[in-house]
Amino acid sequence: MSTHGTISELAGRIRTREMTAVAALEACLGSIDRYDGTISSFQCTSADIARARAEAIDRRIDAGEDVGPLAGVPIAIKDNIVTRGEPTTCGSRILEQFQSPYDATVIHRLNDAGAVPFGKTRCDEFAMGSGTEYCAFGPVHNPWDTSRVPGGSSGGSAAAVAAGFCPASIGSDTGGSIRQPASLCGVVGLKPTYGRVSRYGLVSFGPSLDQIGPFARTVEDAALVLQAIAGEDVHDSTTIDTPAEDYLKDLHVPIDGLRIGLPREYLDAGNDPAVNDMVNAAVEIYRGLGAEIVDVQLPLTDVGIATYYVIGPAEASSNLARFDGIRYGRRVAPGAGEGLFDLYARSRGEGFGAEVRRRIMLGTYVLSAGYYDAYYKRALQVRRLIRREFEDVFQQCDVLMGPTTPAPAFRIGSLTDPLSMYLCDRYTVNANIAGICGVSLPAGFAEVEGRSLPLGLQLQAPALGERTLLRAARMFEANTDHHDRTPDLDAMAMDS
Amino acid sequence: MTTPDASGNHPGSPITIDEVRHVAELARLAMSDAELEACRSELVSILGHIATIDGVNVEGVAPMAHAIDMSNRLSEDVPGDSLAVEEVLANAPAVEDRFIAVPKVLDPGDGA
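Quick note, the sequences are listed as chains A and B, same order. If you count by this note's numbering, then the first sequence holds residues 6 to 501, one letter each, in order. If you count by this note's numbering, then the second sequence holds residues 10 to 121, one letter each, in order.
Okay, here's the thing in structure tokens:
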């Protein structure tokens, strides 16, 4: 089988017994065996657990049961989401030995829809990073150019789908961690509205910003996965209590008359020229489809990163206090005369990598006595203004368009200054700050040093606007062929 | 926002190594002197960028701590399954009987 097939094709073949779920799983595992030595997208695969799941799916299909829309589809899971019986490392030494004692809600829902979760993908440590370089167990390589990053923090999930290891994967997005790697790897990445998907079982980073969502090769596949995982959950009191909608219903409805806002701030002169060209080409495609392109302004785009790097680290510094070497995780051997304070401080100091320590320090600083008002409270005030700005702009248009990232994938090790890396998320953080939904879809390539590097178009819609968002994305995809291109893994394997 | 607040701290002033050491203690992070110094210069750079929010007029704007406006949600108090003790203890770095072992918390000399 081609591992580059879509979910709908694959699930259809499995449901009609043209192919077994076990064979689909083996094809994925075989492809990972062959090529993931070059990409390193997986932290681990759990062949035994997954085979048992796939066999159960096949037996149920043989018995005439409807096993669900994701029948037998292998799906990779970001390694910051707990999966019973498997490790969950969050890319951190501090959780190197951690075994998940339960399944996250998204895992239950994927199983209920017939999917086969089968392995954990590498991510930046505790999802903090934009290149998956900050995984304590080694970086992930971009399948389009293995000397470059796949983006982050869900870089393993994005690279696995781009490499054709599996038709879909799950990631988490706190400031762009699904959309940015989707952009850099040339796949579809969806950040649903805050609260649309349960966070139960997601290791918390910034709980007012975190959201789980899918990576897939097509918009329809992303919608299928969203359909399976969306909805209220008694285990997450921040899930939205309105029922999930039918995300597939409107996908093929023409977008004639749809108002698409193009914020001036998104075509910044600081963007790579290929990125602005890609957006301008997308404008023409949408015009050709009968959409109305509306000139809008989002001046607070410029303060998004500053706001995010107060709120995100503040929440992280509080959340990551649980990793203290006591109940789970790495504990250093106590030194002579050392007390409990030293045990905490050394377990954390040695267990966390540099970027996680940096964010804990920053978060602790902005929350500390004397700085709280100047930084944290003020950032929360700006947060409200950012949300208002989106609310106002969504009076003028139905969907926003722009680049997902200011530039294509950067070289591994090239961004040594933390601030330059943070600025990669300039177009994605505000969706998390405001809680709205956004998607990145393949929209072109930059030709750089003999390689084609994917570029992503970001669409954003108001909270719970997923149906319109996905429809606008699907109509772009139906009229372009960027999503059909796949990286040449054999050439990559020879180069490396 | 560069005026000192009630505690006398001055957000615009350079961060000293002593402040960084204090924050590391609050955060329970053991760091070497070299790490503290590296952290200091990174904090200076990042906080320099964060200062761009000083240019936003926030007068009269209520802080927004969460992406969606919601109040506390109550659920029925129904007993349910919980994790098995053995499974929880399997992740603990040190165990004695059915308990997680920790270094002595209270000094025997303090009368506790």
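In this text, a Cβ means the ideal position worked out from N, Cα and C, and glycines have one as well.
Judged by DSSP secondary structure, Arg-82(B) falls outside any alpha helix (DSSP H); it is assigned neither H nor E. Of the residues Ala-141(A), Ala-16(A), Arg-39(A), the one whose Cα lies closest to the Cα of Ala-359(A) is Ala-141(A). Using a C-beta cut-off of 8 Å, the segment 260 to 271 of chain A makes no contact with the segment 386 to 397 of chain A, since fewer than three inter-stretch Cβ pairs fall below that distance. Residues of chain A whose Cβ lies closer than 9 Å to the Cβ of Glu-96(B) are, in chain order, Gln-104, Pro-106, Tyr-107. Below the 7 Å Cβ cutoff, chain A contributes no neighbours of Ile-26(B), its closest Cβ being approximately 13 Å away. Spatial neighbours of Gly-309(A) in its own chain (CB-CB distance under 6 Å, excluding positions within 5 residues in sequence) are listed in chain order as Val-434, Asn-435. Taken in chain order, the complete alpha helix (DSSP H) segments of 4 or more residues contained in the segment 290 to 363 of chain A are 309 to 324, 345 to 356. At a cut-off of 8 Å, the C-beta of Ile-112(A) has no neighbouring C-beta in chain B. Closest option to Ala-412(A), judged by alpha-carbon separation, among Pro-423(A), Gln-400(A), Tyr-432(A), Asp-403(A): Tyr-432(A).
Contact between the segment 274 to 284 of chain A and the segment 448 to 459 of chain A is present: three or more C-beta pairs spanning the two stretches fall below 8 Å. Looking at the backbone, the Cα of Ala-321(A) and that of Asp-108(A) are separated by about 23 Å. Met-366(A) belongs to the set of residues whose beta carbon lies under 8 Å from a beta carbon in chain B. About 19 Å separates the beta carbons of Met-73(B) and Arg-201(A), which is beyond the 8 Å limit, so they are not a contact pair. Less than 8 Å separates the beta-carbon of Ser-203(A) from that of Val-111(A). The C-beta of Arg-127(A) comes no closer than 8 Å to any C-beta of chain B. Per DSSP, the unbroken beta strand (DSSP E) holding Cys-442(A) starts and ends at 442 to 453.
Looking at Trp-149(A), Ser-36(A), Pro-304(A), Tyr-139(A), the one whose alpha-carbon comes closest to that of Glu-452(A) is Trp-149(A). Here the segment 72 to 84 of chain A lies against the segment 161 to 180 of chain A, with 3 or more beta-carbon pairs under 8 Å apart. When the alpha-carbon of Ser-188(A) is set against those of Gly-96(A), Ala-16(A), Gly-407(A), Gly-17(A), the nearest one is in Gly-407(A). Secondary structure at Arg-222(A): coil, using DSSP grouped into helix, strand and coil. According to the DSSP assignment, Met-133(A) belongs to no beta strand (DSSP E), since it is labelled neither H nor E. The DSSP assignment places 160 to 167, 184 to 190 as complete runs of the alpha helix (DSSP H) inside the segment 133 to 191 of chain A, in order along the chain (cut-off: 4 residues).
Residue range 456 to 466 is occupied by the beta strand (DSSP E) that includes Ser-457(A).
Residue pairing for Ile-217(A): DSSP places it in a beta bridge opposite Ser-177(A). For Arg-107(B), not one C-beta of chain A is nearer than 8 Å to its own C-beta. DSSP places Met-497(A) within a helical segment (H, G or I) once states are collapsed to three.
According to DSSP, Asp-241(A) shares a beta bridge with Asp-238(A).
Per DSSP, the continuous beta strand (DSSP E) segment holding Pro-79(A) begins and ends at 79 to 83. Interface with chain B (8 Å Cβ-Cβ cutoff): Lys-382(A) is included. Neighbourhood of Tyr-349(A) in chain B, by CB distance below 7 Å: Arg-37, in chain order.
With a threshold of 8 Å between beta carbons, Arg-82(B) makes contact with chain A.
The C-beta separation of Ala-478(A) from Val-224(A) comes to about 5 Å, placing the pair in contact by the 8 Å criterion. Taking a contact as a CB-CB distance under 8 Å, the pair Tyr-199(A) and Ile-55(B) does not count as one, their CB atoms being some 25 Å apart. In the DSSP assignment, Leu-405(A) forms a beta bridge with Gly-266(A), Gln-465(A).
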